[in-house]
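Below you'll find the structure, written out as structure tokens, and then a few comments.
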Amino acid sequence: MQLNEKQEEAANHTTGPCLVVAVPGSGKTRVLVERTVRLINSGIEPKNIISLTFTNKAAREMKQRISTSLNSNHSNMFVGTFHALCAKVLRQFGHYADLPRNFTILDSGEQKDLINKIIRQKYEKFKKEMDSDAIANVINTAREDLIDLSQEGSWNNFFSEICSDLSMVDKFVDVSKTYIEYLKKFKCVDFSGLLYESIILMQNNDLPRNKIQNSHQYLQVDEAQDTNYAQFALIKLLSEKHKNVFVVGDPDQSIYQFRGARYENIDDFIKENKDIKIIKLTYNYRSTPQIVKVSDNLIKRNKKRIDKVFETLNKDGHPVQYNEFLDPEQEANFIVNKISNLLTSSNCSPNSFVILYRTNFMSRILEETCVRMGMAYKIVGGFSFYERSEIKDCMAMLKLFANDKDVVAFSRVANLLDGIGPKTIKIIEEEFHKGEIGFVNVCQKVYSKLSRRSQASVDLLKEAYGCQYKEASHILTHIIKSIHYEGVLENSNRKDVNDRIENVYEFINSINTEENKKLSCDEVLQKISLYTSSDDSSNKNQITLMTIHAAKGLEFPVVLVVGVEKEILPHARAMTEPDGEEEERRLFYVAMTRAEKMLFVSSCRKRKIGGFGDNYRICYPSQFLKEAGLTK
Numbered sequence: 002m003q004l005n006e007k008q009e010e011a012a013n014h015t016t017g018p019c020l021v022v023a024v025p026g027s028g029k030t031r032v033l034v035e036r037t038v039r040l041i042n043s044g045i046e047p048k049n050i051i052s053l054t055f056t057n058k059a060a061r062e063m064k065q066r067i068s069t070s071l072n073s074n075h076s077n078m079f080v081g082t083f084h085a086l087c088a089k090v091l092r093q094f095g096h097y098a099d100l101p102r103n104f105t106i107l108d109s110g111e112q113k114d115l116i117n118k119i120i121r122q123k124y125e126k127f128k129k130e131m132d133s134d135a136i137a138n139v140i141n142t143a144r145e146d147l148i149d150l151s152q153e154g155s156w157n158n159f160f161s162e163i164c165s166d167l168s169m170v171d172k173f174v175d176v177s178k179t180y181i182e183y184l185k186k187f188k189c190v191d192f193s194g195l196l197y198e199s200i201i202l203m204q205n206n207d208l209p210r211n212k213i214q215n216s217h218q219y220l221q222v223d224e225a226q227d228t229n230y231a232q233f234a235l236i237k238l239l240s241e242k243h244k245n246v247f248v249v250g251d252p253d254q255s256i257y258q259f260r261g262a263r264y265e266n267i268d269d270f271i272k273e274n275k276d277i278k279i280i281k282l283t284y285n286y287r288s289t290p291q292i293v294k295v296s297d298n299l300i301k302r303n304k305k306r307i308d309k310v311f312e313t314l315n316k317d318g319h320p321v322q323y324n325e326f327l328d329p330e331q332e333a334n335f336i337v338n339k340i341s342n343l344l345t346s347s348n349c350s351p352n353s354f355v356i357l358y359r360t361n362f363m364s365r366i367l368e369e370t371c372v373r374m375g376m377a378y379k380i381v382g383g384f385s386f387y388e389r390s391e392i393k394d395c396m397a398m399l400k401l402f403a404n405d406k407d408v409v410a411f412s413r414v415a416n417l418l419d420g421i422g423p424k425t426i427k428i429i430e431e432e433f434h435k436g437e438i439g440f441v442n443v444c445q446k447v448y449s450k451l452s453r454r455s456q457a458s459v460d461l462l463k464e465a466y467g468c469q470y471k472e473a474s475h476i477l478t479h480i481i482k483s484i485h486y487e488g489v490l491e492n493s494n495r496k497d498v499n500d501r502i503e504n505v506y507e508f509i510n511s512i513n514t515e516e517n518k519k520l521s522c523d524e525v526l527q528k529i530s531l532y533t534s535s536d537d538s539s540n541k542n543q544i545t546l547m548t549i550h551a552a553k554g555l556e557f558p559v560v561l562v563v564g565v566e567k568e569i570l571p572h573a574r575a576m577t578e579p580d581g582e583e584e585e586r587r588l589f590y591v592a593m594t595r596a597e598k599m600l601f602v603s604s605c606r607k608r609k610i611g612g613f614g615d616n617y618r619i620c621y622p623s624q625f626l627k628e629a630g631l632t633k
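Numbering (my numbering), first residue to last: 2 to 633.
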């Protein structure tokens, strides 16, 4: 595909700030790849270019396309996520923040595990009243908003807003402060901490900031409308010296406000750079004119947006079809039958189809209907391989090897061992807090205080973590054998024990491939800790079911959007929030613009409201349907 005039203008931009506003399907990734290639061909060193994306999958695709175009693998060029870049910064300059190179990255589950551990330690009587999810959300929001948490009352302000019982505020604050202290003590960083610590480090220290700015003179950012406050602050820090920042985004596709995304960042970028060049990519190469028209009709109703043309040169296709059904059962039957008929009458394969819904509960009837009618399907954004308990066990084994002061990893590994329960762990942790030695050595120190069963398990632990291997796959295999982990799984009395054992072997295989087999624990953990559910690259021949949020950045020949009703899309809760209706309108816009050839939209006249019996509520078509021109 040849670049059009505006794509050429963007790909040829070299110096100074530039904003590329790209409609869905306008080839923005191609522009980013082509611009990178042209920068390198003009003599810019690859190591001087940073390209930031939101998923590892997008980063891999971009890097592969750049390497193919240049016929060279520039391994020293950074193409990756914000979190991956921050992890790299902290590995290199973390000593400015009292962090060792081998610090552990906590995922969201491990973050909540540590918060729950603190609650049990300090407020056992109040654990029912203390919500670890709420505490984690406040901690993450505060740091992603770059709040100075050292200031008196900063924590209290946050928790006063969410605590119905104000007498609990001090306890929530104490747990949060202890959590931050534990992170430093255990040499761990969570996901929001990667951003926060990197930004504070660069703001407060001239040497690392200058080194980073001088060694990365060209910055490219994809999907800028999805950046939160901290991510945009990082962009400004990285680019403030050379001003060569190339930002691609579209406020019309900003749908992650609930995660802290600020479409206003694009407005701020324009205001802060008076000499900015703005280029609009208005041609959609993905969808038919019919799909583009209804999508454009809809999004023009939003007031907070950058006005632009939305057009396509593609050939006419099928009219966008809207159907209203009695209930979700009738809706699901129609959809699965429609897919079945199209599979028979066209050249489409099952993975050409996606069913999109606003909330996860809507997938149940669709799944049941697929099973009943023999339609193979997959749920995207469901139970990820790396979220399985046996894989988290393996990760904890590696994390404890890489960082013997990781309290979360130690607790998980210790709980796998016979004879080590809460009381024994408490003895070990109390001794650990007294000094600076790691957990395996602490176990030896308190050995005489333990029961014989506990001592036997400590012996296994010593054997497991006394190995001299350097490769992660060898280390993990040794630990698994030493602590008899396969026996632990077999004794769990779960029906899926064989599947769990196979998953462990698959995990070992995954870090023993030709690409990974020489990686250390640190390198493997760095790679896996930054994975996200959107990085699933499976391509089985199945139809796909997913939420609209999960579909961002994807495209399918045939899209079916269900449940386009008031109180679902737009969601009732969103309608009570500032800018909620505009965010929901953007969400429906994103859903429709995933479609290449055919788009089906549907709603129901009634839905069950939960509980037993036939309790239904009357449903009404969403106002978005009329705005898009699908109803009168």
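Backbone N, C-alpha and C fix where the C-beta goes; we use that ideal spot for every residue, glycine too.
Backbone CA spacing between residue i and residue j [nearest angstrom]
i, j, result
"Glu6", "Lys29", "13 Å"
"Val249", "Asn338", "39 Å"
"Tyr230", "Asp268", "13 Å"
"Ser535", "Phe557", "The predicted model places Ser535 with a pLDDT of 49, which falls under 50 and marks its position as unreliable, so this point remains unresolved."
"Glu585", "Pro252", "13 Å"
"Leu91", "Asn334", "52 Å"
"Lys446", "Ala85", "37 Å"
"Tyr97", "Lys186", "15 Å"
"Thr54", "His434", "39 Å"
"Asp537", "Ala59", "Since pLDDT at Asp537 reaches only 49, below the 50 mark, its modelled position is unreliable, and the value read off the structure follows with that caveat. Roughly 11 Å between the two C-alpha positions."
"Cys395", "Ser76", "29 Å"
"Asn13", "Ser43", "11 Å"
"Thr15", "Leu40", "7 Å"
"Glu162", "Gln152", "18 Å"
"Gly612", "Glu330", "Because Gly612 sits at a pLDDT of 45, beneath the cut-off of 50, its placement in the model cannot be relied upon, and the point is left open."
"Asp114", "Glu503", "26 Å"
"Ile480", "Val441", "13 Å"
"Arg453", "Glu437", "26 Å"
8 Å Cβ cutoff met for residue i and residue j
i, j, result
"Tyr358", "Ser350", "no"
"Lys118", "Ser455", "no"
"Ile544", "Ile340", "yes"
"Ser603", "Asn324", "yes"
"Ile106", "Ser530", "yes"
"Lys316", "Val24", "no"
"Ile140", "Ser177", "yes"
"Phe94", "Pro209", "yes"
"Thr142", "Gly261", "yes"
"Thr69", "Lys123", "no"
"Asn49", "Gln291", "no"
Integer-rounded CB distance, given that residue j should sit under 8 Å from residue i
i, j, result
"Glu597", "Arg389", "Wrong, their Cβ atoms sit about 34 Å apart, outside the cutoff."
"Phe83", "Ile51", "Actually they are not in contact, since the Cβ atoms of Phe83 and Ile51 sit about 10 Å apart, beyond 8 Å."
"Gln214", "Lys242", "4 Å"
"Leu33", "Asp227", "With a Cβ gap of about 15 Å, Leu33 and Asp227 do not count as contacting."
"Ile549", "Leu588", "5 Å"
"Asp166", "Arg608", "About 34 Å separates the two Cβ atoms, so there is no contact after all."
"Asp523", "Ala403", "5 Å"
"Gly194", "Leu202", "Contact flag wrong, Cβ pair sits at about 11 Å."
"Trp156", "Leu150", "6 Å"
"Ala137", "Ile116", "6 Å"
Residue from the options whose Cα sits closest to the Cα of residue i
i, options, result
"Ser511", "Lys305, Ala98 and Leu477", "Leu477"
"Ser255", "Ala629, Leu631, Gly110 and Ala592", "Ala592"
"Tyr621", "Arg61, Leu220 and Phe326", "Phe326"
"Leu642", "Ala11, Ala465, Ser458 and Ser346", "Summary: the structure shown does not reach residue 642, with the chain confined to residues 2 through 633, and so no result is reported for it."
"Glu568", "Ser193, Lys304 and Cys605", "Cys605"
"Ser474", "Ser483, Ile421 and Leu399", "Leu399"
"Asn274", "Val293, Val246 and Glu491", "Val246"
"Tyr264", "Asn499, Leu570 and Val22", "Val22"
"Phe259", "His572, Thr632 and Glu125", "His572"
"Pro18", "Phe270, Ile307, Gly488 and Ser483", "Phe270"
"Val562", "Ala262, Ile380, Leu555 and Ile336", "Ile336"
"Val489", "Asp419, Gln469, Leu555 and Asn49", "Asp419"
"Pro320", "Gln8, Lys294, Leu344 and Glu312", "Lys294"
"Asp207", "Phe233, Leu238 and Cys189", "Leu238"
"Arg102", "Tyr470, Cys189, Glu582 and Phe159", "Cys189"
Checklist entry - Can you give, in chain order, each stretch of the alpha helix (DSSP H) that sits fully within the segment 418-476 and has at least 4 residues? => result Complete alpha helix (DSSP H) runs here, min 4: 423-433, 440-446 and 453-465.
Next on the checklist: My parser needs the beta strand (DSSP E) runs of 3 or more residues fully inside the segment 189-253; what are they?
Outcome noted: As far as the segment 189-253 is concerned, its whole beta strand (DSSP E) runs of at least 3 residues are 189-191, 219-222 and 246-250.
Checklist entry - Where in the segment 88-148 do unbroken runs of the beta strand (DSSP E), each at least 3 residues long, occur, reported from the N-terminal end onward? => result You should have 105-107.
Item to check | alpha helix (DSSP H) runs wholly inside the segment 44-83, at least 4 long, in chain order | outcome: Under the rule that a run must span 4 or more residues, the alpha helix (DSSP H) segments found entirely inside the segment 44-83 read 57-71.
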